[in-house]
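This report refers to the structure that appears directly beneath it.
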Amino acid sequence: MKRLLTGISAATLLLGSTALAETNLKLVEVITSPERTEVLQGIVDEFQANNPDVTVEIVSLPWGSAFEKLATMVAGGDIPDVVEMPDTWAALYAGSGQLVSLADHVAGWQHGATLTDKTVAMGSQAGDFYMIPYGFYLRAMFYNKKLLAEAGVESPPETMEEFMAASAAVSELDGKYGYCLRGGPGGTNGWIMFAATMNGTNEFFTEDGQSRINEPGSVEGIQFMIDLYKNGYAPRDAVSWGFNEIVAGFYSGTCAFLDQDPDALIAIAERMPAEDFAVIPMPVGPSGEAFPTIGFAGWSIFDATEHEEEAFDLVAALSSPEANATWAKRVGVIPIHKGADQDPYFQTEQFAGWFEQLNGAEYKPTTMPTYLEQWGYFASTVLLETSQEALLGQRSAQDVADEWAELLTEEYSKWQAKQ
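Oh and the sequence shown: position 281 is 284 in the numbering used here, straight run, nothing missing.
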């Protein structure tokens with residue numbers, strides 16, 4: 004009997020040891036949709052199959068409230084091990100010392116050397132590498148060929164003036180609008196891009212550190228957006244539209260134009276015949292140039308993790324050439340590894356607008372000043388609230404531009420002081 008009890012005790016200890024050895028990781032995604040979550044789950048499932056001692060819990064936060072929800076989680080101690088980190092939030096978390104430096108991890112990673120220079124540059128903050136981007140979002144203009152033809156617009160617009168005129172013409176059609184305006188969450192890019200295009204520069208600050216967002220040309224670009232809405236060239240409820248709404252507005256035939264990244268192509272291509280739409284470069288402004296925004300997100304590890312090695316193993320699995328190629332094709336981003344652009348998938352006509360922008364001298368991709376610690380707050384909260392007020396006629400373009408400029412100038416001054 005004693006031997007039996009001893010055996011049971013040993014087995015119990017063994018089972019307890021095994022249970023203690025199991026690693027549980029929490030992964031938070033913030034740019035969510037059913038399709039993206041499905042792809043992410045597939046990659047995570049493969050990782051777990053290859054690492055049976057690791058269990059990964061995926062927590063999906065809705066994008067419209069993700070900034071606040073993640074901040075609340077972190078402040079309350081419910082800190083994930085791995086997080087999908089948008090570029091606009093990186094400075095906030097890296098600058099406050101909450102992210103693990105990935106430099107040494109990547110240096111010892113078998114695929115570290117194949118990351119493109121842009122990937123490494125974009126994933127760096129304050130001289131360190133805090134994120135492995137999973138791809139890049141570059142804005143270009145979708146247009147509905149049928150709606151333009153019906154409205155008598157002979158060719159897609161090449162300039163901002165032509166864009167406004169074409170939007171007006173389509174809006175004369177019953178129940179149709181020119182532009183799928185993103186007035187709700189995630190609309191920062193449109194305001195910044197139009198302001199830069201009308202101002203003729205994508206420099207955010209002057210040599211003496213002043214924000215350029217309230218310069219006359221920038222205010223003209225902000226007013227351009229307001230006019231599209233005020234004149235009825237965008238749906239009235241577009242004041243609160245986010246990503247899903249603007250994409251649905253385009254593929255449903257409600258709007259003729261949509262400026263978006265390659266991620267929108269997936270949903271659109273599934274619902275519209277290829278011959279009914281195309282993607283062209285963003286229209287140029289008075290300077291003859293356009294400044295399409297280029298953004299990114301990626302995988303970061305919180306410093307609070309108790310499982311840094313396993314967390315990086317997960318990030319490495321998500322970022323491998325094979326997994327990244329799958330992610331890029333299914334989610335709609337430009338991939339991160341050298342040679343990935345030779346994949347036939349990215350050499351199709353559907354990607355022509357984006358690659359024309361990457362190669363054309365008149366198109367100058369704009370990177371947001373994500374190095375400013377409060378940029379995430381500005382983009383997710385301040386700009387959202389004030390731009391909606393401007394669309395609804397409660398504030399002028401100059402008024403909101405001055406508020407934005409004051410905040411950004413102050414943040415830039417703080418950043419300079421730390422250099």
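Here a beta-carbon is modelled for each residue, glycine too, at the ideal position from N, C-alpha and C.
Would you kindly work out how many angstroms separate the C-alpha atoms of residue i and residue j, rounded to a whole number?
{"i": "GLY396", "j": "VAL403", "result": "11 angstroms"}
{"i": "SER12", "j": "ASP131", "result": "Only weak support exists for where SER12 lies, its pLDDT of 42 falling under 50; the value from the coordinates is given anyway. When rounded, the distance between both Cα atoms is 49 angstroms."}
{"i": "VAL33", "j": "PRO65", "result": "6 angstroms"}
{"i": "ASN205", "j": "THR58", "result": "44 angstroms"}
{"i": "TRP2", "j": "MET201", "result": "Because the chain in this structure spans residues 4 to 422, residue 2 falls outside the shown range and cannot be described."}
{"i": "LEU105", "j": "PHE315", "result": "8 angstroms"}
{"i": "GLY356", "j": "MET144", "result": "8 angstroms"}
{"i": "PHE294", "j": "ILE216", "result": "14 angstroms"}
{"i": "ASP306", "j": "THR75", "result": "17 angstroms"}
{"i": "GLU248", "j": "THR35", "result": "14 angstroms"}
{"i": "GLU312", "j": "LEU386", "result": "38 angstroms"}
{"i": "ALA124", "j": "SER63", "result": "27 angstroms"}
{"i": "LEU151", "j": "TYR180", "result": "11 angstroms"}
{"i": "PRO276", "j": "GLY235", "result": "27 angstroms"}
{"i": "ALA68", "j": "GLY252", "result": "One detail in the question is off: residue 68 reads as Ser in this sequence, not Ala. Cα to Cα, the separation comes out at about 22 angstroms."}
{"i": "ILE225", "j": "GLY45", "result": "41 angstroms"}
{"i": "LYS417", "j": "ASP211", "result": "13 angstroms"}
{"i": "GLU388", "j": "PHE299", "result": "23 angstroms"}
Quick one: what's got a C-beta closer than 6 angstroms to residue i's C-beta in the same chain, skipping five residues either side?
{"i": "SER20", "result": "Reliability fails at SER20, whose pLDDT of 40 lies under 50, so the model's placement of it is uncertain and no value is given."}
{"i": "VAL250", "result": "ALA267, ALA270"}
{"i": "ARG398", "result": "GLU392"}
{"i": "THR428", "result": "This structure cannot settle anything about residue 428, because the visible part of the chain is limited to 4 through 422."}
{"i": "ALA169", "result": "VAL156, PRO160"}
Does any residue of chain D bring its CB to less than 9 angstroms from the CB of residue i?
{"i": "GLU311", "result": "Checking the listed chains, one finds no chain D in this structure; it contains a single protein chain."}
Just to confirm my understanding: we take residue i, look at its own chain, exclude 5 residues before and 5 after, and list those with CB closer than 7 angstroms. What are they?
{"i": "TYR146", "result": "PRO159, ALA259, PHE260, PHE280, ALA281, ILE283"}
{"i": "THR318", "result": "In the sequence as presented, Thr is not what sits at residue 318; that position holds Val. Around VAL318: VAL85, ILE135, TRP302, ILE304."}
{"i": "ALA172", "result": "ALA154, GLY155, VAL156"}
{"i": "HIS310", "result": "THR26, LEU28, ASP84"}
{"i": "GLU218", "result": "ASN202"}
{"i": "GLY379", "result": "PHE70, THR91, TRP92, LEU95"}
{"i": "GLY115", "result": "VAL109"}
{"i": "GLU175", "result": "ALA154"}
{"i": "GLU223", "result": "MET201"}
Going by DSSP, name the residue or residues bridged to residue i.
{"i": "HIS340", "result": "LEU118"}
{"i": "ASP262", "result": "MET144"}
{"i": "PRO284", "result": "Looking at the DSSP assignment, PRO284 forms no beta bridge with any residue, so it has no partner."}
{"i": "PHE299", "result": "PHE139"}
{"i": "THR162", "result": "VAL287"}
{"i": "GLN128", "result": "ASP131"}
{"i": "ALA293", "result": "TYR366"}
{"i": "PHE305", "result": "LEU102"}
For residue i, report the span of its alpha helix (DSSP H) as first-last.
{"i": "ILE225", "result": "219 to 233"}
{"i": "GLU428", "result": "Lying before the first or after the last residue shown, residue 428 is absent from the chain, which here runs from 4 to 422."}
{"i": "VAL109", "result": "106 to 110"}
{"i": "GLU313", "result": "311 to 322"}
{"i": "GLU60", "result": "Taken as a continuous stretch (DSSP letters only), GLU60 belongs to no alpha helix (DSSP H), being part of the beta strand (DSSP E) at 57 to 63."}
{"i": "PHE208", "result": "Looking at the DSSP string, PHE208 is not in any alpha helix (DSSP H), and its letter there is neither H nor E."}
{"i": "TYR374", "result": "Careful: TYR374 lies outside any alpha helix (DSSP H) and carries neither H nor E."}
{"i": "VAL242", "result": "It is not in any alpha helix (DSSP H) - VAL242 carries neither H nor E in the DSSP assignment."}
{"i": "ASN202", "result": "191 to 202"}
{"i": "TYR415", "result": "400 to 421"}
{"i": "SER52", "result": "Sequence inspection shows Ala at residue 52; the Ser mentioned does not correspond to that position. Here the alpha helix (DSSP H) through ALA52 covers 37 to 53."}
{"i": "GLY67", "result": "66 to 78"}
{"i": "ALA154", "result": "Segment: none, ALA154 is in no alpha helix (DSSP H) and carries neither H nor E."}
{"i": "GLN391", "result": "386 to 394"}
Who are the Cβ neighbours of residue i in its own chain at under 8 angstroms, not counting the five residues just before and after it?
{"i": "GLU377", "result": "The sequence shown places Gln at residue 377, rather than the Glu named in the question. LEU95, LEU410, GLU414, listed in sequence order."}
{"i": "ILE297", "result": "PHE139, TYR140, LEU141, ARG142, PRO368, THR369, THR370"}
{"i": "GLY98", "result": "GLN128, ALA129, GLU376"}
{"i": "ASN53", "result": "ALA320"}
Taking Cβ positions, are residue i and residue j nearer each other than 9 angstroms?
{"i": "VAL336", "j": "ASP262", "result": "no"}
{"i": "ILE61", "j": "THR40", "result": "yes"}
{"i": "ARG185", "j": "PHE246", "result": "yes"}
{"i": "SER243", "j": "GLY178", "result": "no"}
{"i": "LYS148", "j": "GLU278", "result": "yes"}
{"i": "PRO324", "j": "THR119", "result": "no"}
{"i": "SER214", "j": "THR412", "result": "yes"}
{"i": "ALA326", "j": "ASP346", "result": "no"}
{"i": "ALA241", "j": "TYR254", "result": "no"}
{"i": "TYR137", "j": "TRP330", "result": "yes"}
{"i": "VAL47", "j": "GLU87", "result": "no"}
{"i": "THR162", "j": "ILE339", "result": "no"}
{"i": "SER383", "j": "THR191", "result": "yes"}
{"i": "LEU2", "j": "LEU321", "result": "Summary: the structure shown does not reach residue 2, with the chain confined to residues 4 through 422, and so no result is reported for it."}
{"i": "GLN360", "j": "MET285", "result": "yes"}
{"i": "ALA272", "j": "GLN353", "result": "yes"}
Between which two residues does the beta strand (DSSP E) containing residue i stretch?
{"i": "PRO89", "result": "85 to 89"}
{"i": "GLY181", "result": "180 to 182"}
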